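**Q** Right, I'll just put the structure down here and ask away after.
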Amino acid sequence: MGFKVPELQAQSKAPLDKGAWDMRFKTFKHGESSVKKTPFVQAVFKVVDEDAVDTEGNAYKRDFYGDTFYLTPAAMWRLKKFASEAEVELPESCEEFDTLAEYAEALTEAFDGLEGTVEVDLESFTDKDDNERQKAVPVSYTF
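All residue numbers for the sequence shown refer to our numbering, where the first residue is -10 and numbers rise by one.
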């Protein structure tokens, strides 16, 4: 009994098409901005809508990366508003975490089980190779 190489099939990398799609919150990805090293968390959703398609008309089977929330005093209002709309309680202000990963994990636990509809639109941009492309961006959330 040996190993058989699976058929090579590239999955579509086309973005989620515009529309309102049912999603389930999955996790908060965390990191730092490339230039200023500002810490951030980004909401990641599993698309559970069976009718969800990408811009090429194929069934959308990948995660959807929602809003990025920068963790600075001036920008925290966005994360607070997002949590408020989802009726989720954030960890207390000034609560201390050893790492950004621990804070992202605490946020993930707070949002666990959240389901709703995310309205998505398409935004055009020019990539690093000067090609015109599109990306899916969240317009609104209904939880």
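Heads up, the beta-carbon is just placed ideally off N, CA and C, and yes, glycines get one too. Computed from a predicted structure; not experimentally measured.
With C-beta atoms as the reference, is valine 109 less than 9 angstroms away from glycine 8?
**A** Translated into the one-based positions of the sequence shown, residue 109 becomes position 120. Translated into the one-based positions of the sequence shown, residue 8 becomes position 19. Going by C-beta atoms, valine 109 is nearer than 9 angstroms to glycine 8.
**Q** Mind checking which residues open and close the beta strand (DSSP E) that includes leucine 111?
**A** Here residue 111 refers to the residue found at position 122 when the sequence shown is read from its first residue. Its beta strand (DSSP E) spans residues 104 to 115.
**Q** Thinking C-alpha only, which one of Ala63, Leu60, Phe34 is nearest tyrosine 49?
**A** To locate residue 49, count along the sequence shown from 1; it is residue 60. Of the listed residues, the one whose Cα sits closest to tyrosine 49 is Phe34.
**Q** What residues in its chain sit with their C-beta under 8 angstroms from that of alanine 99, if we drop five residues either side in the sequence?
**A** Stepping through the sequence shown from its first residue, residue 99 is reached at position 110. Once the five neighbours on either side are set aside, the close Cβ partners of alanine 99 are Ala72, Val77, Glu78, Leu79, Pro80.
**Q** Let me make sure I understand the geometry here. Which of Ala75, Glu121, Arg67, Lys124 has the alpha-carbon closest to that of glycine 102?
**A** As a position in the sequence shown, residue 102 is number 113, starting the count at 1. Nearest of Ala75, Glu121, Arg67, Lys124 to glycine 102, Cα basis: Ala75.
**Q** Alpha helix (DSSP H) containing serine 73: first to last residue?
**A** Residue 73 sits at position 84 when you count from the first residue of the sequence shown. Per DSSP, serine 73 belongs to the alpha helix (DSSP H) from 65 to 74.
**Q** Tell me where the alpha helix (DSSP H) around threonine 97 begins and ends.
**A** Position 108 of the sequence shown holds residue 97. First-last of the alpha helix (DSSP H) with threonine 97: 89 to 100.
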